[in-house]
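Structure first, commentary second.
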Amino acid sequence: MPKEIELKLSVVGESLAVLESLEACLSNQGFVLELQRKPLQNIYYDTPDKILNQHRMALRVRKKGDAFIQTLKTKGKSVSGLSERGEWEWELADNKLDISLLEGLDVWPEGMNLESLNAVFETNFVRHQVLIEWQGSEIELAFDQGEVLSKGKCLPIKEIELELMSGEVEALKSLAAVLGQAIHLKASDTSKAERGYSLLAAS
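Numbering follows numbering that gives the first Met the number 0, with no gaps: position 165 of the sequence shown is 164.
As structure tokens, this is what we get:
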């Protein structure tokens, strides 16, 4: 099973100031890097009875530039912002969910009907990201700012994600500690999908 290992940190402060502090912090650590800016639009899918949410799974289609990516994440564990869960990704020709890509997976809850999947909420945000080498590990650093949208209501998104591409988990914690000296950060165990479902429940 392919896995995603990441550390999620909620951010306090005005977005531009946070971004400037983030870049200054990386520069002080000797990095000569430019964070890439990428607008991301995401549509999340579930069944009418929200069976994926019941089993802490998330299914989305993301528009990333001219590309479309379908992603499935399964239930994992999250402690003090550090999460590990199964993750599958497929490239799509357009922004339409392709259930044929999901049919061969042995991860679905009993009674799951893929034909009944429909869009339930969206997340739209701008990601500033960069890939760095830190203590022998490769880490993707992303600062996300935007909102979760459902039935005319919204919740803000402002967080930093550190995803381990290769290497040791301790490198994520070490990098987070350094960033925390420049930016007001707080470990978060709440995913964007979980925020979407909470907003959906309140709509």
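Where a beta carbon is used, it is the ideal one built from N, C-alpha and C, also for glycine.
If you're wondering where the values come from, they're calculated on a predicted model, not measured in any experiment.
Checklist entry - From Leu140 to Ala16, what distance separates their C-alpha atoms? => result Mapped onto the sequence shown, residue 140 falls at position 141. Mapped onto the sequence shown, residue 16 falls at position 17. Note on geometry: alpha-carbon atoms of Leu140 and Ala16 lie some 17 Å from one another.
Checklist entry - What is the C-beta distance between Ser187 and Lys7, in whole angstroms, given that I count them as a contact (C-beta under 8 Å)? => result One-based indexing of the sequence shown puts residue 187 at position 188. One-based indexing of the sequence shown puts residue 7 at position 8. That belief holds up - the Cβ atoms of Ser187 and Lys7 are roughly 5 Å apart, short of 8 Å.
Checklist entry - In terms of residue numbering, what span does the beta strand (DSSP E) encompassing Ser149 cover? => result Here the question's residue 149 lines up with position 150 in the sequence shown. From DSSP, the beta strand (DSSP E) with Ser149 extends over Ser136 to Ser149.
Item to check | Euclidean distance between Cα positions of Ala118 and Gln28 | outcome: Sequence index remark: in the sequence shown, residue 118 carries index 119 (1-based). Sequence index remark: in the sequence shown, residue 28 carries index 29 (1-based). Going by the C-alpha atoms only, they are around 42 Å apart.
Checklist entry - Would DSSP call Gly195 helix, strand or coil? => result As a first step, residue 195 must be located in the sequence shown, where it is residue number 196. Helix, per DSSP.
Item to check | Residues near Lys152 in its chain [Cβ-Cβ closer than 8 Å; skip 5 each side] | outcome: For the purposes of this step, residue 152 is taken as residue 153 along the sequence shown, with counting starting at 1. For Lys152, where only same-chain residues beyond five positions count, the Cβ hits under 8 Å are Leu198, Ala201 and Ser202.
Checklist entry - Using a Cβ-Cβ cut-off of 7 Å (strictly less than) and excluding sequence neighbours within five positions of Ala66, which residues of its own chain qualify? => result One-based indexing of the sequence shown puts residue 66 at position 67. The residues are Glu90.
Checklist entry - What is the rounded straight-line gap between the Cα of Leu25 and the Cα of Leu161? => result To locate residue 25, count along the sequence shown from 1; it is residue 26. To locate residue 161, count along the sequence shown from 1; it is residue 162. In a straight line, the C-alpha of Leu25 is about 14 Å away from that of Leu161.
Checklist entry - Does DSSP classify Glu33 as helix, strand or coil? => result Your numbering for residue 33 matches position 34 in the sequence shown. Three-state result, Glu33: coil.
Item to check | Cross-strand partners of Glu86 (DSSP beta bridge) | outcome: Your numbering for residue 86 matches position 87 in the sequence shown. When DSSP reads this structure, Glu86 sits in a beta bridge with Lys72.
Checklist entry - By Cβ distance below 7 Å, which residues in the same chain neighbour Ala214 in space, the five residues on each side in sequence not counted? => result Missing from the structure shown is residue 214; the chain here goes from 0 to 202 and no further.
Checklist entry - Can you tell me whether DSSP reads Ile50 as helix, strand or coil? => result As a working note, residue 50 is residue 51 in the sequence shown. Helix, per DSSP.
Item to check | C-alpha distance - Val147 paired with Glu132, whole-angstrom precision | outcome: As a position in the sequence shown, residue 147 is number 148, starting the count at 1. As a position in the sequence shown, residue 132 is number 133, starting the count at 1. For Val147 and Glu132, the distance between alpha carbons rounds to 31 Å.
Checklist entry - In whole angstroms, what separates the C-alpha of Gln53 from that of Thr70? => result Here residue 53 is taken as the residue at index 54 of the sequence shown, counted from 1. Here residue 70 is taken as the residue at index 71 of the sequence shown, counted from 1. For Gln53 and Thr70, the distance between alpha carbons rounds to 18 Å.
Item to check | Of the listed residues Gly64, Ile68, Trp87 and Lys63, nearest to Lys74 (C-alpha basis) | outcome: As a first step, residue 74 is located in the sequence shown; it is residue number 75 there, counting from the start. Nearest C-alpha to Lys74: Trp87.
Checklist entry - Tell me which same chain residues have a C-beta within less than 6 Å of the C-beta of Ala23, skipping the five on either side of it? => result Here residue 23 refers to the residue found at position 24 of the sequence shown. Excluding sequence neighbours, Ala23 sits near nothing in its chain.
Checklist entry - According to DSSP, what are the bridge partners of Ile4? => result The sequence position of residue 4 within the sequence shown is 5, counting from 1. BP columns for Ile4 point to Glu83.
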